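A.B. asks: Residue numbers (this note's numbering): 1101 to 1252.
(1) Compare the beta carbon distance of residue 1230 and residue 1164 with 9 Å and say whether it is the shorter of the two.
(2) Taking a contact to mean a Cβ-Cβ separation below 9 Å, would you say residue 1138 touches residue 1207 in this structure?
(3) Are three or more beta carbon pairs between the region 1151–1158 and the region 1182–1193 nearer than 8 Å?
(4) Return the CA-CA distance between residue 1237 and residue 1198, expressed in angstroms with no decimal places.
(5) Within 10 angstroms of the Cβ of residue 1168, are there 16 or more other Cβ atoms? Answer buried if so, exposed if not.
(6) DSSP three-state label for residue 1151, please.
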């Protein structure tokens, strides 16, 4: 586990996950590779920026998603859903291309579980990657993600 301190806040970054490149408050997504699938969620930093999550809107299984890519500092990939808090909302992107295999139904009923446990019970969806070997080389290690958080 890598821990990052920014101001008074601490962020946990598990070192067994891969992280989508992030710019500003866009991204902050992790992927846990599990055989031929990838479990996806938002990072501790992402959930703490949102504060109290109250709603998550996601497509259903079978939908094709694309890996988050940027054109300058803007995403040029279609979002795969929305996460809303009491103060703001963000678009959710996928760290890998593929097909949605499963949605975490618990977060549809209790979205606050993302705040409580973003890396385990608060996972968002599982995808079956379509280009894993190529795309995983574009994801960040915990150390790289931690450095990027420090530079925000």
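Backbone N, C-alpha and C define an ideal beta-carbon position, used for all residues, glycine too.
A quick note: this is a predicted structure, and the numbers were derived from the prediction, not measured.
C.D. replies: So, to answer that:
(1) Position 130 of the chain shown, counting from 1, holds the residue named residue 1230. Position 64 of the chain shown, counting from 1, holds the residue named residue 1164. Cβ distance < 9 Å, so residue 1230 and residue 1164 count as in contact.
(2) The count along the chain shown starts at 1 and reaches residue 1138 at position 38. The count along the chain shown starts at 1 and reaches residue 1207 at position 107. No, the pair does not count as a contact, with Cβ atoms beyond the cut-off.
(3) yes
(4) Mapped onto the chain shown, residue 1237 falls at position 137. Mapped onto the chain shown, residue 1198 falls at position 98. Their Cα atoms are separated by approximately 16 Å.
(5) Reading the chain shown from its first residue, position 68 is the one you call residue 1168. With 16 or more other Cβ atoms within 10 Å, it is buried.
(6) Here residue 1151 refers to the residue found at position 51 when the chain shown is read from its first residue. Coil at residue 1151, not helix or strand.
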